[in-house]
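Enquirer: A single structure is presented below for examination.
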Amino acid sequence: MTAVLHPHPAAALAAPSRPLAAPAFLRRIWRPATDLAVDLGTANTLVVVQGEGLVLDEPTVAAVGPGGEVLGAGLDAKRMIGRAPAGVRVIRPLKDGVIADFSVAEQLLRTFLRRVLDRHLIRMKPSVLVCVPSCITDVERRAVRDAARSAGAKRLRTVDEPVAAAIGAGLPVNEPSGSLVVDVGGGTTDVAVLSLGSVVCDASIRTGGDAMDQAIVQFLRKHYNLLVGDATAERVKLALGSAAPFEVEQTLPVRGRDLISGLPRTVTVESVGVRDAMHEPVQRIVNAVRRVLEATPPELSRDLVDRGIVLTGGGAMIRGLDALLTYETGLPVRVDLDPLTSVVRGTGMILGEPGRWADVLAA
């Protein structure tokens, strides 16, 4: 029989102890957030902290008081749309992917950055990488830089959204082969063919989810004499919006204000009518994709036959948009697994390997 030897208690006390690893949350709060990737979108703002991942996802909405001060930001402000008291304006400081109200945009970005930095015990001014639509002018790009610097960024660089979206979607951007990404955001749609880490040909239009919302507002006004707000129009778009017919068409009760009587009223809206209302902005997106394909060099066009199109952005979730693009172009279309975060994920990957992606960065 083999004897089992038990260590003497004194020997256990004398043995050198191994330091316990600090819990993950303690390591996080003690490590300062020095590098941030920001997707400052028309509809939503997302922030990635290097080493932590996505830490903020809020609507790009601010509630502004009589003196111009921001009273609420993000989801809290969005809940106030159409319900704010007199003297309080609920606004979206970005329009068509660019800053429309610099003061509010700067205060909103400052609030978001403070929320991120306050999660850490040690606070330092961060280096920020911001993605911007490829269609914006130098003046509009400078406004984004100035807003980020005023909000507390130590160093700022920018990257075009279609490049970030392609990287986030896992496309082989650095290879000598063609990749086509279509990023449908709230205010803009960016279409780009990329090869060897650069944009070969692209198109950017100021049409996105917001244009679809406005089309639905006008449709309900014209056909039902019903006045609704942007939030209701977005809900109708998510419930009934599509770019191709449903197998079984759907209906939705919609509440608003009757334009004739001025009283509240509920109407039943059909998906067929909503699809017809969205046809014009959807067709503008399709036309942008066709223009890019027509300008693509033949060798890269051959790659696209196999690789197809990748859809990213919130607008990629419009039902039937992938099927419509396949019908119009003859190419296979794939929707990214998480299209809402494709851009900021790609921006975070660029932030993690700046040397690898140096060619796509702008100072």
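So that you can map any letter, position 75 of the sequence shown is 75 in the numbering used here, and since no number is skipped, the others follow by simple counting. Built from N, CA and C at the ideal position, the CB exists for glycine as well. The model shown is predicted, which means the values in this text are computed figures rather than measured ones.
Leaving out the 5 sequence neighbours to the left and right, which residues in its chain are closer than 6 Å to residue 252 when beta-carbon positions are compared?
Expert: Translated into positions along the sequence shown, residue 252 becomes position 252. Taken in chain order, the residues that qualify are 239, 240, 269.
Enquirer: Got a sec? Which residues, its chain only, sit under 6 Å from residue 111 by beta carbon, not counting five neighbours each side?
Expert: Here the question's residue 111 lines up with position 111 in the sequence shown. Counting only Cβ-Cβ distances below 6 Å, and skipping sequence neighbours, we find 73.
Enquirer: Answer yes if the region 301-317 comes into contact with the region 329-340, meaning at least three C-beta pairs across the two stretches below 8 Å, and no otherwise.
Expert: Cβ pair count under 8 Å is three or more, so yes.
Enquirer: Let me check understanding here. Comparing Cα to Cα, which of 85, 62, 69 lies closest to residue 76?
Expert: Translated into the one-based positions of the sequence shown, residue 76 becomes position 76. When each option's Cα is compared against that of residue 76, the closest is 62.
Enquirer: Around the Cβ of residue 365, are there at least 16 other Cβ atoms within 10 angstroms (buried) or fewer (exposed)?
Expert: The structure shown does not extend to residue 365, since the chain is modelled only from 1 to 363, so the question has no answer here.
Enquirer: So, is residue 124 buried or exposed, given that buried needs 16 or more other C-beta atoms within 10 angstroms?
Expert: If you number the sequence shown from 1, residue 124 lands on position 124. The residue in question, residue 124, is exposed, as its Cβ has fewer than 16 Cβ neighbours within 10 Å.
Enquirer: Tell me, to the nearest whole angstrom, how far the beta carbon of residue 296 is from that of residue 178; I am working on the premise that it is less than 8 Å.
Expert: The sequence position of residue 296 within the sequence shown is 296, counting from 1. The sequence position of residue 178 within the sequence shown is 178, counting from 1. At roughly 7 Å, the Cβ-Cβ gap stays under 8 Å, so residue 296 and residue 178 are in contact.
Enquirer: Figure out for me which residue from 139, 222, 167, 127 has the closest Cα to the Cα of residue 156.
Expert: By 1-based counting over the sequence shown, the position of residue 156 is 156. Checked all of 139, 222, 167, 127; the closest Cα to residue 156 is 127.
Enquirer: Got a sec, what are the start and stop residues for the alpha helix (DSSP H) residue 326 sits in?
Expert: Here residue 326 corresponds to residue number 326 of the sequence shown, with the count starting at 1. Here the alpha helix (DSSP H) through residue 326 covers 321-329.
Enquirer: What is the DSSP secondary structure of residue 78, counted as helix, strand or coil?
Expert: For this step, residue 78 is matched to residue 78 along the sequence shown. Reduced to three states, the DSSP call for residue 78 is helix.
Enquirer: Need the endpoints of the alpha helix (DSSP H) that residue 366 sits in, please.
Expert: Here the chain comprises residues numbered 1 to 363, so residue 366 is not present and cannot be evaluated.
Enquirer: How many Å lie between residue 260 and residue 132 at the Cα?
Expert: Within the sequence shown, the letter at position 260 stands for residue 260. Within the sequence shown, the letter at position 132 stands for residue 132. The straight-line gap from Cα to Cα measures roughly 43 Å.
Enquirer: Under a Cβ-count criterion, where at least 16 other Cβ atoms within 10 Å of its own Cβ denotes burial, should residue 27 be classed as buried or exposed?
Expert: Numbered from its first residue, the sequence shown carries residue 27 at position 27. Confidence at residue 27 is low in this model, with a pLDDT of 47, below 50, so the placement of that residue should be treated as unreliable; the coordinate-derived value is given next. It counts as exposed.
Enquirer: Counting beta carbon pairs with one atom in the region 157-165 and one in the region 133-149, are three or more of them shorter than 8 Å?
Expert: The region 133-149 is in contact with the region 157-165.
Enquirer: Are the Cβ atoms of residue 242 and residue 320 separated by less than 7 Å?
Expert: Taking the first residue of the sequence shown as position 1, residue 242 is located at position 242. Taking the first residue of the sequence shown as position 1, residue 320 is located at position 320. Yes; because the gap between Cβ atoms is below 7 Å, this pair is in contact.
Enquirer: I'd like the span of the alpha helix (DSSP H) that includes residue 173, first residue to last.
Expert: Position 173 of the sequence shown, counting from 1, holds the residue named residue 173. Note, residue 173: premise wrong, no alpha helix (DSSP H); not H, not E.
Enquirer: Buried or exposed: residue 129, going by 16 or more other Cβ atoms within 10 Å of its Cβ?
Expert: As a working note, residue 129 is residue 129 in the sequence shown. Buried, since its Cβ has 16 or more Cβ neighbours within 10 Å.
Enquirer: According to DSSP, is residue 5 helix, strand or coil?
Expert: Counting from 1 along the sequence shown, the entry for residue 5 is found at position 5. In this prediction, residue 5 scores a pLDDT of 47, lower than 50, which makes its location untrustworthy; no coordinate-derived value is stated.
Enquirer: Should residue 99 go down as buried or exposed, given a rule of 16 or more other Cβ atoms within 10 Å for buried?
Expert: Numbered from 1 along the sequence shown, position 99 holds the residue referred to as residue 99. Its Cβ being crowded by 16 or more others within 10 Å, residue 99 is buried.
Enquirer: Buried or exposed: which applies to residue 219, given that a residue is buried once 16 or more other Cβ atoms fall within 10 Å of its Cβ?
Expert: Counting from 1 along the sequence shown, the entry for residue 219 is found at position 219. Buried, because 16 or more other Cβ atoms sit within 10 Å of the Cβ of residue 219.
Enquirer: To which residues of the same chain is residue 267 closer than 7 Å at the C-beta, ignoring the five residues directly before and after it?
Expert: The residue given as residue 267 occupies position 267 in the sequence shown. Contacts found: 224, 226, 254.
Enquirer: Using C-beta distances below 7 Å, list every residue in its chain close to residue 136, excluding the 5 sequence neighbours before and after it, in chain order.
Expert: Working through the sequence shown from its first residue, we reach residue 136 at position 136. Result list for residue 136: 97, 98, in chain order.
Enquirer: Taking only the alpha-carbon atoms, compute the straight-line gap between residue 250 and residue 235 and give it to the nearest angstrom.
Expert: Position 250 of the sequence shown holds residue 250. Position 235 of the sequence shown holds residue 235. So the alpha carbons of these two residues sit roughly 14 Å apart.
Enquirer: Which runs of the alpha helix (DSSP H), 4 residues or longer, sit entirely within the region 109-171?
Expert: Listed in chain order, the complete alpha helix (DSSP H) runs (minimum 4 residues) inside the region 109-171 are 138-150, 161-168.
Enquirer: Which residues in the same chain have their Cβ closer than 6 Å to the Cβ of residue 390, if we skip the five residues on either side of it in sequence?
Expert: Nothing about residue 390 can be read from this structure; the chain reaches only from 1 to 363.
Enquirer: Under a Cβ-count criterion, where at least 16 other Cβ atoms within 10 Å of its own Cβ denotes burial, should residue 264 be classed as buried or exposed?
Expert: Position 264 of the sequence shown, counting from 1, holds the residue named residue 264. Exposed, because fewer than 16 other Cβ atoms sit within 10 Å of the Cβ of residue 264.
Enquirer: Take every Cβ of the region 191-210, pair it with every Cβ of the region 50-68, and state whether three or more of those distances are shorter than 8 Å.
Expert: The region 191-210 vs the region 50-68: no contact.
Enquirer: List in chain order: all unbroken beta strand (DSSP E) runs of 3+ residues lying wholly within the region 238-309.
Expert: As far as the region 238-309 is concerned, its whole beta strand (DSSP E) runs of at least 3 residues are 251-258, 264-270.
Enquirer: Using 7 Å as the threshold, is the C-beta distance between residue 191 and residue 292 below it?
Expert: Counted from its first residue, the sequence shown places residue 191 at position 191. Counted from its first residue, the sequence shown places residue 292 at position 292. Result yes, Cβ atoms of residue 191 and residue 292 sit closer than 7 Å.
Enquirer: Leaving out the 5 sequence neighbours to the left and right, which residues in its chain are closer than 6 Å to residue 275 when beta-carbon positions are compared?
Expert: Sequence index remark: in the sequence shown, residue 275 carries index 275 (1-based). Hits under 6 Å: 242.
Enquirer: Taking 7 Å as the cut-off, decide whether the C-beta atoms of residue 165 and residue 343 are in contact.
Expert: Against the sequence shown, residue 165 aligns to sequence position 165. Against the sequence shown, residue 343 aligns to sequence position 343. Yes.
Enquirer: Considering only the alpha carbon of each residue, which of 34, 90, 300 lies closest to residue 196?
Expert: Translated into the one-based positions of the sequence shown, residue 196 becomes position 196. Out of 34, 90, 300, 300 has the C-alpha closest to the C-alpha of residue 196.
Enquirer: Between which two residues does the alpha helix (DSSP H) containing residue 220 stretch?
Expert: Taking the first residue of the sequence shown as 1, we reach residue 220 at position 220. Counting along the chain, the alpha helix (DSSP H) containing residue 220 begins and ends at 209-224.
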